[in-house]
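Some notes on the structure that comes next.
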Amino acid sequence: MNEATGTSGGGSAAIEIEGLRKSFGELEVLRGIDITVRRGEVVCVIGPSGSGKSTLLRCVNLLEEPTSGTVCVAGTEVTDPEVDLDRIRRRIGMVFQAFNLFPHLTALGNLTIAQRRALGRGKAEAEEVARRNLRRVGLTEKETSYPAQLSGGQQQRVAIARALSMGPELMLFDEPTSALDPELVGDVLAVMRGLADDGMTMLVVTHEMSFAREVADRVVFMDDGLIVEEGPPEQVVGDPRQARTRAFLSRVLDPAAAEVLEGSEEPSAEQPEGEGVTQPGSPPPQRVDTVRDRKGVRKQHPR
Amino acid sequence: MTRRNRTRAIRTAQYGVLLIVVLVFALAADWGELRRAFFDVEVAKKQFPDVITTALVNTVVYTVLGFVFGLALGLLLALMRLSQVLPYRWLAIAYIEFFRGVPALLVFIALGYGVPVAFQVSINQYVTVMLALGLVGAAYMAETIRAGIQAVPKGQTEAARSLGMSPTWAMISIVIPQAFRIVLPPLANELILLTKDSSLVYLLGLSLDQYELAKFGRDALNQHRSLTPILIAGLFYLAITLPLGHLVRRLEARTAKAR
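As structure tokens, then:
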């Protein structure tokens, strides 16, 4: 498990974010975020839809360019315009809600392509690393399968293995189980739990409160573009101090209320945020994008 | 009249009209004359084997040359059309609008007569054919490929970039292969159109062994005073285009299933 070299760096920062702001046109999605993730730490970000969680995550590897503020990853400032972004991204694994596997490549091809094109590894070496990571997520027998032939849970595990194959120093998870059928969530969370146990630094946006409670070293509650509360999970999830945190958790944890929440949560404001970059100026049409995203997600299921 | 009876009556009337039309044509037509003009066995026999070994082969060769060149140029134009650099976009748009708006015939005349006369050069015949067919085809293919590239979900590029692949590699190994899958049916359609456009090659002035199907048929028509060679040429075009059309429908069905 050489990918997760663990806590050898002691308490030094893996991610340091200061004064991060991000606007899409008129809409300010992040309104001044300060957060530090130490090496080997698992931080879960929770909060209602539209609170800016995903945007925060996407600012770490600059899939979204911050409007202002600085982001440092392992001591390198990613927001510096002089920096070699590709080089830094190779050190940051990212897992998406919609998996984003490459449909024209097999599982093995998905894991080797970036190793070969970005790291310049030879075929044999790339395949060896890929096989090791497929084994790690329990999908050794699926290496010749195409994404369309895999279940959602398997696809997401391949996506995790793909990110791991680059040998990242830290991993970003953007609602990795939100697009999955409930019975498939467990396998993905088990893989993530294993990563955390191996000492991987992880920043996870999630709605899985039990995962946050059991695995996270720290939980951050965000609302309306700001960090409202952060601390150990037993405090933030178990005994929140802020009224907004309590209100959010009661909606999520109380099943009856949760159903109401899910109904209203479908047009997630966070998906359009991501799309906003392609159409600068015009605020993205949320409903349309959500529909397309839902379709995209459903498409990934072979059934 | 009940609804069922009415339906039946209308259908009977439609078959009746059809029958009458067919009968009128059958009785009015001079079958002997038609047979002599279109199905003259003696004339037909004389067309073989040249119609295959020369004409059909040349049609296929010209089409493939034009298609390959057009595809390469079309891909380049599509990428220019999507470039961040404004002048590239302008160039691509100007090219596409020009060659889509101008008759292919004009392009052939310009290349066949214009260029050699104006520049005092003689270009290899096959190169001229490739240029003429490719220049026109590229304009259509560029727009098709551009649409295909834009149809690849944004998450694909994001995933590639988040793995540290450069924009160029993300385009080459992730986006373009998926774009081509999407545009395979319309590209096959373009191949059908090019097959027929290859009949314009006669404008470049061909020697006997360079004849393609249309010119071959026309030549034989003059020689034998019979439409039979034209019919044969037409049948050979169909022998190329019908399987391609079938391929397009299968590709479309596959794409529909994959969604």
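Line order of the protein sequences matches chains A and E.
Each residue of the first sequence is one higher than the last, beginning at 1 in the UniProt record's numbering.
Each residue of the second sequence is one higher than the last, beginning at 1 in the UniProt record's numbering.
All C-beta atoms in this analysis are idealised placements derived from N, C-alpha and C, irrespective of residue type, glycine included.
None of these values were measured; they are calculated from a predicted model.
N-terminal and C-terminal residue of the beta strand (DSSP E) that residue i is part of
| i | result |
| --- | --- |
| Thr112 (chain A) | Taken as a continuous stretch (DSSP letters only), Thr112 (chain A) belongs to no beta strand (DSSP E), being part of the alpha helix (DSSP H) at 107-117. |
| Gly74 (chain E) | Unbroken run through Gly74 (chain E) is the alpha helix (DSSP H), 57-81; no beta strand (DSSP E). |
| Glu16 (chain A) | 13-24 |
| Leu238 (chain A) | Looking at the sequence provided, one finds Gly at residue 238 (chain A) rather than Leu. It is not in any beta strand (DSSP E) - Gly238 (chain A) carries neither H nor E in the DSSP assignment. |
| Leu226 (chain A) | 226-231 |
| Thr36 (chain A) | 27-38 |
| Leu27 (chain E) | Per DSSP, Leu27 (chain E) belongs to no beta strand (DSSP E); it is in the alpha helix (DSSP H), 3-28. |
| Arg69 (chain A) | Before going further, note that residue 69 (chain A) is Gly rather than Arg in the sequence given. Here the beta strand (DSSP E) through Gly69 (chain A) covers 68-73. |
| Met171 (chain A) | 170-174 |
| Phe39 (chain E) | Unbroken run through Phe39 (chain E): none, as it is neither H nor E. |
Own chain residues within Cβ distance below 7 Å of residue i, not counting five before or after
| i | result |
| --- | --- |
| Val237 (chain A) | Met209, Ala212, Arg213, Val219, Leu249 |
| Leu62 (chain A) | Val78, Leu85 |
| Ile160 (chain A) | Val95, Val137, Val191 |
| Met141 (chain E) | Gly70, Leu71, Gly74, Leu187, Glu190 |
| Asp219 (chain E) | Tyr211 |
| Glu265 (chain A) | Annotation note: pLDDT 43 at Glu265 (chain A) (below 50); position unreliable, no value reported. |
| Ala258 (chain A) | Residue placement at Ala258 (chain A) is flagged as unreliable, the pLDDT there being 47, under the threshold of 50; the coordinate-derived value follows with that caveat. Cβ neighbours of Ala258 (chain A) beyond the five flanking positions: Arg251, Val252. |
| Asn58 (chain E) | Gln210, Tyr211, Glu212 |
| Ile88 (chain A) | Val73, Thr76, Val78 |
| Arg121 (chain A) | Gln115 |
| Ile37 (chain E) | Checking the sequence shown, residue 37 (chain E) turns out to be Ala, not Ile. These residues qualify, in order along the chain: Ser226, Leu227. |
| Leu184 (chain A) | Ser151, Gly152, Gly153 |
| Ile145 (chain E) | Gly74, Leu75, Ala78, Ala179, Val183 |
| Glu273 (chain A) | Model confidence at Glu273 (chain A) stands at a pLDDT of 41, short of 50, so the residue's coordinates are unreliable; what they give is reported in the following sentence. Around Glu273 (chain A): Phe24, Val29, Ser54, Thr55. |
| Ile135 (chain E) | Correcting the residue type first, residue 135 (chain E) is Leu in the shown sequence and not Ile. Once the five neighbours on either side are set aside, the close Cβ partners of Leu135 (chain E) are Phe99, Val107. |
Min CB distance residue i to chain E below 8 Å
| i | result |
| --- | --- |
| Thr278 (chain A) | Only weak support exists for where Thr278 (chain A) lies, its pLDDT of 40 falling under 50; the value from the coordinates is given anyway. Judged by the 8 Å Cβ criterion, Thr278 (chain A) is in contact with chain E. |
| Leu63 (chain A) | yes |
| Arg89 (chain A) | yes |
| Gln271 (chain A) | Residue placement at Gln271 (chain A) is poorly supported in this model, since its pLDDT is 43, which falls under 50; the coordinates are not used for a value here. |
| Asp80 (chain A) | no |
| Asp254 (chain A) | no |
| Asp34 (chain A) | no |
| Asp187 (chain A) | no |
| Asp239 (chain A) | no |
| Asp181 (chain A) | no |
Below-8 Å beta-carbon distance, residue i vs any chain A residue
| i | result |
| --- | --- |
| Arg181 (chain E) | yes |
| Ser83 (chain E) | no |
| Trp169 (chain E) | yes |
| Pro177 (chain E) | yes |
| residue 261 (chain E) | Missing from the structure shown is residue 261 (chain E); chain E here goes from 1 to 259 and no further. |
| Ser199 (chain E) | no |
| Ile192 (chain E) | no |
| Ser166 (chain E) | yes |
Cβ-based neighbour list, residue i, same chain, cut-off 6 Å, excluding 5 preceding and 5 following
| i | result |
| --- | --- |
| Arg193 (chain A) | Val215 |
| residue 305 (chain A) | No information on residue 305 (chain A) is available, as it lies outside the stretch 1 to 303 that chain A covers here. |
| Arg303 (chain A) | Its pLDDT being 34, under 50, Arg303 (chain A) is placed unreliably by the model, and the measurement read from it follows with that caveat. Correct list: empty, nothing qualifies. |
| Ser12 (chain A) | Arg39 |
| Asp217 (chain A) | Glu41, Val42 |
Boundaries of the alpha helix (DSSP H) in which residue i is found, first to last residue
| i | result |
| --- | --- |
| Asp86 (chain A) | 85-89 |
| Phe216 (chain E) | 213-224 |
| Leu184 (chain E) | 176-197 |
| Met192 (chain A) | 182-197 |
| residue 292 (chain E) | Outside the displayed span of chain E (1 to 259) sits residue 292 (chain E), for which this structure offers no information. |
| Val42 (chain A) | Not the alpha helix (DSSP H): Val42 (chain A) falls in the beta strand (DSSP E), residues 42-46. |
| Gly148 (chain E) | 125-151 |
| Ile109 (chain E) | 104-109 |
Cut-off 8 Å between Cβ atoms - residues of its own chain near residue i, not counting five sequence neighbours on either side
| i | result |
| --- | --- |
| Pro103 (chain A) | Tyr146, Pro147, Ala148 |
| Ala188 (chain E) | Leu244, Leu247, Val248, Leu251 |
| Ile232 (chain E) | Ala44, Gln47, Val51, Gly217 |
| Thr144 (chain A) | Thr106, Ala107, Leu108 |
| Leu204 (chain E) | Phe108, Leu111, Gly112, Gln125, Thr128, Val129, Ala132 |
* Asked: With contact counted as at least three CB pairs below 8 Å, one residue from each stretch, are the region 48-62 of chain E and the region 200-219 of chain E in contact?
  -> yes
* To do: Return the residues of the region 212-234 of chain A that lie within a Cβ-Cβ distance of less than 7 Å from chain E, sorted by chain order.
  => none
* Segment contact, 8 Å Cβ cut-off, at least three pairs: the region 44-61 of chain A with the region 169-180 of chain A -> yes
* If contact means a Cβ-Cβ distance below 8 Å, which residues of the region 153-164 of chain E contact chain A? -> Pro153, Lys154, Gly155, Gln156, Glu158, Ala159, Ala160, Arg161, Ser162, Leu163, Gly164
* Cβ pair count under 8 Å reaching 3, the region 72-79 of chain E against the region 105-116 of chain E -> no
* To do: Compile a chain-ordered list of the residues in the region 167-178 of chain A whose CB is closer than 9 Å to at least one CB of chain E.
  => Leu172
* Scan the region 94-127 of chain A for residues whose Cβ lies nearer than 8 Å to a Cβ of chain E and list them as they occur along the chain. => Met94, Phe96, Ala98, Asn100, Leu101, Phe102, Pro103, His104, Ile113, Ala114, Arg117, Ala118, Leu119
* Contact list for the region 191-206 of chain A against chain E, Cβ threshold 9 Å -> none
* Could you tell me whether the region 150-170 of chain E touches the region 89-98 of chain E, using the rule of 3 or more Cβ pairs below 8 Å? => no
* Touch check for the region 172-181 of chain E and the region 123-132 of chain E: three-plus C-beta pairs under 8 Å? -> no
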